Amino acid sequence: MKKKSKILGLMILSTALLFASCAQDGFEDESFSSTVKNSQLASPKSEEISVGKSADGSLWIITWPLVKGAEGFLCNVTNVTDPDAVIEMVKDSLIDGCTLQLPRSEDSNYVLDIRTIANKQLGNKDAETATELKFSSFTPSWAEIPAGADIAEWLAANPLPEESADELCIDLQAGAEYTLKANADFKACLATLRCTTPTKPATIKVQGEASFVIDEGFSIKNINIDATEGTNDLIVGNTTPKEVNISPSNNYYRIENPIYISNVQVKGLKRRFIYDNKVKYCFKTVIIDNCVFETCPAEAIQFIQMPTGFINDLKITNSTLWNSGTVNQNYVVQYNNSGRCDRAGYTSNSITVSNCTFYNMAKTGQWGNYSSFGGRKTSYFTMSYNIMVDCSSGATPRRFTSGSNNNANKNFVNNTWFYNGADEEPGESWDPSQQQVLGDPMFADPANGDFHYSGAAQKALNMGDPRWL
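In my numbering, the protein residues as written are 28 to 496.
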């Protein structure tokens, strides 16, 4: 039996907030009088129902035509993104108008059931059946790759339309397994590789010198990646980028659309996660959210390295990065030392890490090396609610800001830095917030990737990757 859960507060919000009034619904005055009497009413047809979103994308706006002789419409809306945990958003609500508004989440699937309720005083009868309408906030799919296929082979046989300016979403089947035995080249296309069932991610097994090669914005969503047999960097820049959107000075290849990695788990990563392939790229935005990375480098390399270019805005949230091997990274993040915002045509640059868990990352190395970010008023460094154990040679705050205290905007809030069994001592100059959370977080089994923790100070503030709370 499928489990159901309710979002309390969503379906109990006042009708003034969620449901539009009947003032413009076509009913006559306040008496809801109608020329339709003693009739069997029908529910609105699915093709007559319009589903749109508010200007900021936070609300669904659902409208349907007037059914004369009706008292209202009985509505149910469920979020069915996780078929094993359906969320009831609106339940048996009688709407006295022709509009329904409710919260909208990205990358989610929904079902609306709507049934016309008759005005009994006019002798009318309720619709015998409800109309069901499925709708989604997922960007429409461009294609689906069959289960068991090799990603690179499929792309070679099904070339992406490079002339397209639209996002091309390539779906993998829920729970299915795939391989990547050669480079998957997404060329200059804005592409997304995804599974649309977050709770049943697809799995890609990377083998040999295989990478995802990009020359535009790129997303990976709801996928597990087994890189234990892979020997190359995972996401790499194309060595012959399309010569568009080059910065007005310094000749950076600017990738304006984000690189977005969401709900991805990577196992056994021996090489870099992101690498510019020694091409002068500026990735404007890289977002890593709700991910787990198990690294085990065979040599002292970096998790993210842009030796020729840089990432203008890097944001890592709600994620875990850990090194299960015996070889340490020399850096977690490293950019070319000339890379900074104004040289690529931007006004500021930033690195943000929040609600993350780091373990044994660059234990004898450094968190970051991006000297052109350091000490500049246009640089923003944010580190909040993180748990970092055995990282960055015990000098995490200093290395995070690239070793400079001057001018840069630093925002440190409630972080644990614990190294070799003791609290780090960053000093007031490196952590001016003085909000360091002291004490061993006491991970359950870090050597085997279990970072549930029992440290009282950290638990009181819900720190680290939320999956370990």
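Positions of the beta carbon are idealized from the N, C-alpha and C atoms, including for glycine.
Computed from a prediction, not measured in an experiment: that's the story for all the values here.
Per DSSP, Lys486 lies in no beta strand (DSSP E); the unbroken alpha helix (DSSP H) holding it starts and ends at Ala483 to Ala487.
In this structure Met116 is in contact with Thr105, their Cβ atoms being roughly 6 Å apart against a cut-off of 8 Å. Uninterrupted beta strand (DSSP E) stretches at least 3 residues long and entirely within the stretch 222 to 272 occur at 229 to 235, 239 to 241, 245 to 257 and 262 to 264, given in chain order.
Judged by DSSP secondary structure, Pro424 falls within the alpha helix (DSSP H) whose first and last residues are Thr423 to Phe427.
Under DSSP, Val94 forms no beta bridge with any residue.
Following the DSSP letters along the chain, one finds Ala179 inside the alpha helix (DSSP H) bounded by residues Ile178 to Ala184. With 16 or more neighbouring CB atoms inside 10 Å of its own CB, Asp260 falls in the buried class. Between Tyr358 and Gly336, the C-beta spacing is not below 9 Å.
Thr384 is the residue among Gly99, Thr384 and Asp477 whose C-alpha sits nearest the C-alpha of Asp417. Counting the other Cβ atoms within 10 Å of the Cβ of Asn376 gives 16 or more, which makes it buried. Judged by DSSP secondary structure, Trp457 falls outside any beta strand (DSSP E); it is assigned neither H nor E.
Secondary structure within the stretch 364 to 427: the beta strand (DSSP E) runs of 3 or more consecutive residues, fully enclosed, are 376 to 381, 384 to 386, 393 to 396, 406 to 411 and 414 to 416 (chain order). At a Cβ-Cβ threshold of 9 Å, Val263 and Ser238 count as neighbours. Taking 9 Å as the cut-off, the Cβ atoms of Ile144 and Asp153 count as close. Proximity to Thr126 across Asn103, Leu149, Pro92 and Tyr137 peaks at Pro92, based on C-alpha coordinates.
Assigned with DSSP and collapsed to three states, Pro453 falls in coil, not helix or strand.
Judged by pairs of C-beta atoms under 8 Å, the stretch 228 to 238 touches the stretch 249 to 259, as three or more such pairs exist.
Across the set Ile247, Ser274, Ser351 and Trp87, the C-alpha of Ile247 shows the shortest separation from the C-alpha of Arg221. Boundaries of the beta strand (DSSP E) around Phe330: Gln329 to Met333. Collapsing the DSSP output to three states places Pro130 in a strand. The bridge partners DSSP lists for Arg281 are Cys309.
A contact between stretches requires three or more CB pairs, one per stretch, nearer than 8 Å, and the stretch 329 to 343 meets this requirement with the stretch 303 to 319. Counting other Cβ atoms within 10 Å of its Cβ, Pro173 stays below 16 and is therefore classed as exposed. Only exposed fits Arg494, as fewer than 16 other CB atoms lie within 10 angstroms of its CB. Counting C-beta pairs closer than 8 Å gives fewer than three between the stretch 156 to 163 and the stretch 202 to 215, which falls short of the contact rule.
Taking Lys214 as reference, the option from Glu190, Lys208 and Thr224 with the minimal CA-CA separation is Glu190. When Cβ pairs closer than 8 Å are counted between the two stretches, the stretch 430 to 448 is seen to touch the stretch 406 to 422, the count reaching three or more.
A check of alpha carbon separations from Asn447 across Ala422, Val464, Asp177 and Val440 identifies Ala422 as the nearest.
When DSSP states are grouped into helix, strand and coil, Gln292 belongs to the strand group. Residue range Asn136 to Ala145 is occupied by the beta strand (DSSP E) that includes Val138. In the DSSP assignment, Phe320 falls within the beta strand (DSSP E) that extends over Val319 to Thr322. A buried status is given to Ala389, since no fewer than 16 other beta-carbon atoms sit within 10 Å of its beta-carbon.
Bounds of any beta strand (DSSP E) do not take in Leu496, whose DSSP letter is neither H nor E.
Listed in chain order, the non-local C-beta contacts of Glu283 below 6 Å within the same chain comprise Lys311, local neighbours out to five positions each way being set aside. Judged by beta-carbon spacing, Asn355 lies beyond the 9 Å limit of Val293, meaning their Cβ atoms are not closer than that value.
Glu451 sits buried, since 16 or more C-beta atoms from the chains shown fall within 10 Å of its C-beta.
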